[in-house]
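Shown next, in structure tokens, is the structure this report addresses.
Set out below in structure tokens:
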């Protein structure tokens, strides 16, 4: 099983009068927990050496993150890793995938052990670190579309089960955030909630457990409400919603209370830009995936930064805000890449982020 998506200079603000002139509706953006020209990872990372992956994240990125290594097997994947955080909802692996269980078993324990070792390694590598740091976990809708009920269809098929799963996840994530804070007390935490399945949930395209049918679409207000339950449990961390799928539901993400949205630049279509522009206008940060997640020849830094620079120009936002509000990342997780490429991809994101500050296309 593989992950679905699963990685400090002075802050400069645009002149308020210039912002008002160019974009009359642009609200004042609250401070972000990072400085200008920032890059980070998305989630998954190749190999099985988590300590080395964490060292790479801290060595290559202005905003390091806690990598996920699905190659380690059961419980290291995005679904199992997050499911291990659920409170009073144990899970197990069946031939069809993860399923709710009557009691914690071997699979649940394995997932918890992976996470505990990862946090031990994080604590070792991050000694004395102060600054932005990102963790990530699967969101309630993607989780509900992936986990099955004890004796039936997916959790997504039962509105009451979705509610219970959401509340359990919110409680578990709050505990996880508190544990990460204890391990790395100097961090300004950013929490990325992975929702690649959310567009399918809203469109009614998620298959049933049998695969012969489709589960009914969920209404946007309900989707936003459940997502809000999880995001509000993360406070005071900075919540970002990641969706590496076409048709990112910006309004649902905004309504749920996210303060940032993460997406793959290659999947962005011109018809989506008005809604994305409204999202940016309301002050949400944009984590933009600009480097492929699998091995390829990496473009020059200017080419990597180009999607962000050109998008910002088309939307008409002040260039001075680009390097503050936009964080560059790989397009998605790096589990399918070689370790050498993954490290180079993170470094290229870091280098390209400087272009946003030094040459923002004014």
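In the working numbering, the protein residues as written are 1 to 362. All residues carry an ideal CB built from backbone N, CA and C; glycine is no exception.
#### Entry: Alpha carbon of residue 332 to alpha carbon of residue 58, nearest angstrom
18 Å
### Task
Return the bridge partner residues of residue 214 from the DSSP annotation.
207
### Query
When the Cα atoms are used, what is the spatial distance from residue 125 to residue 301?
28 Å
### Beta-carbon gap between residue 327 and residue 39 smaller than 8 Å
yes
### Task
Go to residue 242, then tell me how far its beta strand (DSSP E) extends in each direction, as first and last residue.
238-242
### Query
For residue 341, which three-state DSSP category applies?
helix
### Task
Can you grab the Cα-Cα spacing for the pair residue 114 / residue 314, in whole Å?
44 Å
### Query
Leaving out the 5 sequence neighbours to the left and right, which residues in its chain are closer than 7 Å to residue 339 when beta-carbon positions are compared?
46 and 47
### Query
Nearest CA to the CA of residue 245: which residue from 211, 321 and 197?
197
### Query
Residue ranges of each beta strand (DSSP E) run of no fewer than 3 residues wholly in the segment 108-142, ordered along the chain?
131-138
### Task
Report the residue ranges of all beta strand (DSSP E) runs contained in full by the segment 265-347; include only those spanning at least 3 residues, in chain order.
285-291 and 326-330
### Task
Inspect the beta-carbon positions of residue 259 and residue 239 and report whether they are closer than 8 Å.
yes
### Message
Quick check on DSSP: helix, strand or coil for residue 250?
### Response
helix
#### Entry: Complete runs of the beta strand (DSSP E) confined to the segment 161-197 [at least 3 residues]
187-194
### Task
Evaluate residue 103 with the Cβ neighbour count: other Cβ atoms within 10 Å of its Cβ, from every protein chain shown; 16 or more gives buried, anything less gives exposed.
exposed
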